[in-house]
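Trainee: Going by our numbering, the sequence shown opens with residue 12, and the numbers climb by one from there. All C-beta atoms, glycine included, are put in the ideal place defined by N, C-alpha and C. Because the structure is a prediction, the values reported are computed rather than measured. Just passing along the structure, written as structure tokens.
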Amino acid sequence: MSSKIVVGLDGSASGERALSYAKSLADKIEVCELIVAFVIEWSPYAFQSAEENAQRHKRREEEIEAAQSRIVIPAVTSLTTDGFVARGIVRHGDVADLLDKIAVDNGADQIVVARSSEGGFVKRVFGTATQSLVMHAHVPVTVVG
12 MSSKIVVGLD
22 GSASGERALS
32 YAKSLADKIE
42 VCELIVAFVI
52 EWSPYAFQSA
62 EENAQRHKRR
72 EEEIEAAQSR
82 IVIPAVTSLT
92 TDGFVARGIV
102 RHGDVADLLD
112 KIAVDNGADQ
122 IVVARSSEGG
132 FVKRVFGTAT
142 QSLVMHAHVP
152 VTVVG
């Protein structure tokens, strides 16, 4: 049986703990793909001028490139070097909504995130997005300490 696990990373040590836990789960599953996900928090509801929107688009593209090169690609490379099937996804938007959407769109069986963070994804999320993710996700969510 084939499984997929979405791992929410934020570039911190706590995200590495989530990745380590997901690897241990994947080791126990006969065929498992790890989907490394990084969500750059962004709201579509900011009201800006056309010039500000153009700059915002440029910043979004730069943020995606930075997240890919600094966090996602190294994690995927490490996983594939260790023999895992892995790929990465970077998105802009609401963290909880997008992690759930990534899981659903990719047919994932589970989402793994970290409980605490040194200032990234889970810090700004715990109590809001993590709680929302746990309460509303369409697949089980494991929160790693």
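Using the Cβ count rule (16 or more neighbours within 10 Å means buried), how would you classify residue 69?
Mentor: With fewer than 16 Cβ atoms within 10 Å of its Cβ, residue 69 is classed as exposed.
Trainee: In chain order, what residues of the same chain lie with their CB nearer than 6 Å to the CB of residue 125, ignoring the 5 residues before and after it?
Mentor: 25, 26, 28, 29, 133, 155
Trainee: Between residue 97 and residue 17, how many whole angstroms is the CB-CB distance? I'm expecting something under 8 Å.
Mentor: Between residue 97 and residue 17, the beta carbon gap of about 11 Å keeps them out of contact (Cβ cut-off 8 Å).
Trainee: Taking Cβ to Cβ, would you say residue 147 is nearer than 8 Å to residue 105?
Mentor: no
Trainee: Could you work out which residue in 153, 40, 20 is closest to residue 85 when comparing CA atoms only?
Mentor: Closest by alpha carbon: 20.
Trainee: Cutting at 6 Å between CB atoms, please list the residues of its own chain near residue 13, excluding the five before and the five after it.
Mentor: Only residues of its own chain outside the window of five on either side were considered, and among them 42 have a CB closer than 6 Å to the CB of residue 13, listed in chain order.
Trainee: If distances are taken between C-alpha atoms only, which option among 142, 145, 141, 122 comes closest to residue 36?
Mentor: 122
Trainee: Do residue 101 and residue 78 count as a contact pair if the criterion is CB distance below 8 Å?
Mentor: yes
Trainee: Apart from the five residues on each side of it in sequence, which residues of its chain come closer than 7 Å, Cβ to Cβ, to residue 150?
Mentor: 114, 119, 120, 121, 122
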